[in-house]
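Residues 1 to 484 in the UniProt record's numbering are what the sequence shown spells out, letter by letter.
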Amino acid sequence: MTDHSETAWEQDEIESHLRSAMDALTPNVFDKIDLSTPQEIYVKPSRRVRMYRRMRTVAMAAAACLCVAVLGGGVSFYQNHRVDSVIGIDVNPSIELSVNRNEKVLQANPLNEDAETILDDMNLKNVDLDIAVNALIGSMVRNGYLDELDNAILVTVSNENEKKASSLRQDVVGDVESSLQEHAVQAVVYDQRMKVTGEIQDLAEKYNISYGKAYFLRELIRDNDLTENDMKKFAGMTMEEIAREIADRAYTVGYSKTDSTIETDAALVREVTLPQTEEETLAETTVESTGQPENEPTPAEQPSTAVRPVETTAAADEDEEEVDSGGKKAKIDYVDYESGSLNIVFKEKVKWKNPTVSVVDPDGQSYSARITDTGGTSCEIHVKGLPANTECTFTLGGVAVRDGGSFGTVKGYFETPDIADDLIDEDDDDADDETVETKPSETSRAPETLTEAVKESTHSETEYSQMETKQTEKETKTDAESAN
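This is the structure in structure tokens:
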């Protein structure tokens with residue numbers, strides 16, 4: 001039997017010697033260490049400290065979110081309580097509505113005693129603008145400031161943004177017209193876009209009138225070469241009285257002689273009339289048809305006096321030629337229709353006076369049309385309810401060539417949805433078969449309402465325009481024959 005004890009001892013001894021040898025390899029530099037630099041010892045933070053740090057982080061994040069929410073809410077609050085536009089409504093009561101960007105009323109400001117009566121016990125704050133306008137018109141009707149017949153309203157829109165002001169102007173005028181029809185009231189509506197200047201403020205304070213009325217009267221005085229005495233007289237009138245004066249004296253409204261183009265913020269005049277019943281329409285047709293020659297069209301067939309641009313021709317007698325030798329007729333260059341908007345461009349610069357428009361289809365059905373903008377060489381008309389793929393006719397009144405032209409009406413044609421260019425630019429041979437369409441003569445009488453007075457103020461100018469067109473076409477044909 002082999003004894004391993006001596007072998008085991010020898011192995012342990014060997015391991016001891018190896019351990020001593022390894023220890024001897026490590027240098028002893030403890031005395032050489034620089035103990036002037038303190039040694040950092042990491043101590044794990046306690047649970048309480050960790051919870052505190054975590055809560056502090058969450059609190060800071062919550063505070064940041066709260067700041068963002070408060071800042072965003074503050075900006076929104078500021079925007080909703082900041083006056084974005086001012087709407088002025090003048091009849092004799094003069095009221096200004098301050099609205100925010102969302103067209104909510106912030107304040108309704110009465111500018112005279114009559115306006116205080118209109119706003120009595122009426123809280124319009126935070127009310128939608130269209131509802132506020134309807135409420136004001138209704139209050140004016142109830143208090144007798146607007147009756148069934150003779151009325152005039154001035155609508156003024158003030159906004160720094162031209163595009164926003166133009167859009168808001170159309171909306172407010174539409175609201176006013178709808179409210180007038182709802183309350184069975186006929187009226188002449190003047191609308192304008194205005195920028196308040198020092199001059200306007202001085203005029204408003206001097207004559208104790210609204211900014212909108214001051215601007216309107218200033219333009220009226222300038223356009224018609226009137227005096228300061230006229231300004232003083234108009235300032236004391238109601239809008240109904242001013243409209244009557246404009247119609248009686250055939251004053252120009254919305255056209256400035258000193259400008260190269262018609263200002264888009266100038267006043268436009270619109271007539272709001274009530275729809276006639278079937279019995280009234282039939283009665284009018286019967287009366288106007290009495291004593292009318294057989295070869296003339298009836299009023300039902302011909303809703304308004306109109307002359308087709310460029311192509312109109314007729315045989316005129318010598319008396320008509322002499323009367324019409326004073327001015328040129330406005331001529332249409334082209335017409336563009338798209339999505340209910342009719343854009344008419346003229347060949348020359350034009351001026352406007354109480355513009356009107358009517359649109360009918362081949363069956364004589366008329367459609368709702370409103371002039372939304374007038375310019376130096378064009379105008380824009382908004383039409384509702386037109387059928388597709390139909391040739392329609394529009395008649396535009398109150399337009400004249402700027403230099404030496406006479407106010408009258410022009411007629412044009414367009415197709416929905418596309419424009420038929422051949423209907424505007426036909427040959428002169430086709431025009432020879434055309435005749436000037438005129439209204440049947442009626443017994444002269446004084447206008448019974450303000451809207452009739454406004455219409456009749458341009459009637460004689462329309463007749464002169466028609467005769468002038470005849471003369472122009474006749475001279476053109478004579479020149480062509482001479483050249484041949």
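For each residue, glycine too, the CB sits at the ideal point set by N, CA and C. Please read all numbers here as calculations on a predicted model, not as lab measurements.
With contacts defined by Cβ atoms closer than 8 Å, Arg402 and Val359 do not form a contacting pair. With respect to the C-alpha of Tyr413, the residue from Asn102, Tyr334, Val141 and Asp175 having the closest C-alpha is Tyr334. Contact between Tyr367 and Lys384 holds, with the beta-carbon distance rounding to 6 Å and staying under 8 Å. Ile371 is the residue among Ala187, Asp114, Ile371 and Thr416 whose C-alpha sits nearest the C-alpha of Gly398. Excluding the 5 residues flanking it on each side, Leu217 has same chain C-beta neighbours closer than 7 Å at Met231, Phe234 and Ala235, in chain order.
Two segments are said to touch when three or more pairs of C-beta atoms, one from each, lie closer than 8 Å; by this definition the stretch 55-64 does not touch the stretch 168-183. Annotated as proximal: Tyr190 and Leu154, with beta-carbon spacing under 8 Å. Residue burial annotation: Thr156 is buried, with at least 16 other C-beta atoms found within 10 angstroms of its C-beta.
Straight through space, the alpha carbons of Tyr211 and Arg169 are spaced by roughly 16 Å. The C-beta separation of Pro93 from Asp114 comes to about 4 Å, placing the pair in contact by the 8 Å criterion.
If you look at Ser158, you'll find it in the beta strand (DSSP E) that goes Ala152 to Ser158. Residue burial annotation: Arg50 is exposed, with fewer than 16 other C-beta atoms found within 10 angstroms of its C-beta.
In the DSSP assignment, Ser179 falls within the alpha helix (DSSP H) that extends over Glu162 to Glu182. As the crow flies, the alpha-carbon of Asp361 is around 19 Å from that of Glu380.
Annotation: the continuous alpha helix (DSSP H) that includes Gln201 extends over Gly198 to Tyr207.
From the listed residues Glu162, Ala165, Ser85 and Ala184, the smallest Cα separation to Asn134 is found for Ala184. Remark: C-beta atoms of Val105 and Ala132 approach each other more closely than 8 Å. Looking from the CA of Gly174, the closest CA among Asp130, Glu160 and Asp150 belongs to Asp130.
A direct Cα-Cα distance of roughly 16 Å separates Arg19 from Asn28.
When only Cα atoms are considered, Leu220 and Gly198 end up about 18 Å apart. Following the DSSP letters along the chain, one finds Val360 inside the beta strand (DSSP E) bounded by residues Val350 to Val360. For Asn229, the enclosing alpha helix (DSSP H) covers residues Glu228 to Ala235. Taking a contact as a CB-CB distance under 8 Å, the pair Thr377 and Val345 counts as one, their CB atoms being some 6 Å apart. When DSSP reads this structure, Tyr334 sits in a beta bridge with Val345. Counting of Cβ neighbours within 10 angstroms places Pro387 among the exposed residues, the total staying below 16.
DSSP lists Glu96 as the bridge partner or partners of Asn109. When secondary structure is reduced to three states using DSSP, Val91 falls in the coil class, being assigned neither helix nor strand.
DSSP lists Val357 and Val410 as the beta-bridge partner residues of Leu396. Annotated three-state conformation of Val86 is strand, per DSSP. Its chain contains His382, Val383, Lys384 and Leu386 as the residues whose beta carbon lies nearer than 8 Å to that of Gly340, once the 5 sequence neighbours on both sides are disregarded; these appear in chain order. With a cutoff of 8 Å on beta-carbon distance, Asn112 and His81 are scored as not near each other. Straight across, the Cα-Cα distance linking Met194 with Asn161 is about 11 Å. Here the C-alpha atom of Met239 lies approximately 8 Å from the C-alpha atom of Asn151.
Taking a contact as a CB-CB distance under 8 Å, the pair Lys347 and Lys331 counts as one, their CB atoms being some 5 Å apart. The beta carbon of Glu338 sits closer than 8 Å to those of Pro417, all from its chain and outside the five residues before and after it, given in chain order. Under DSSP, Glu415 forms a beta bridge with Glu391.
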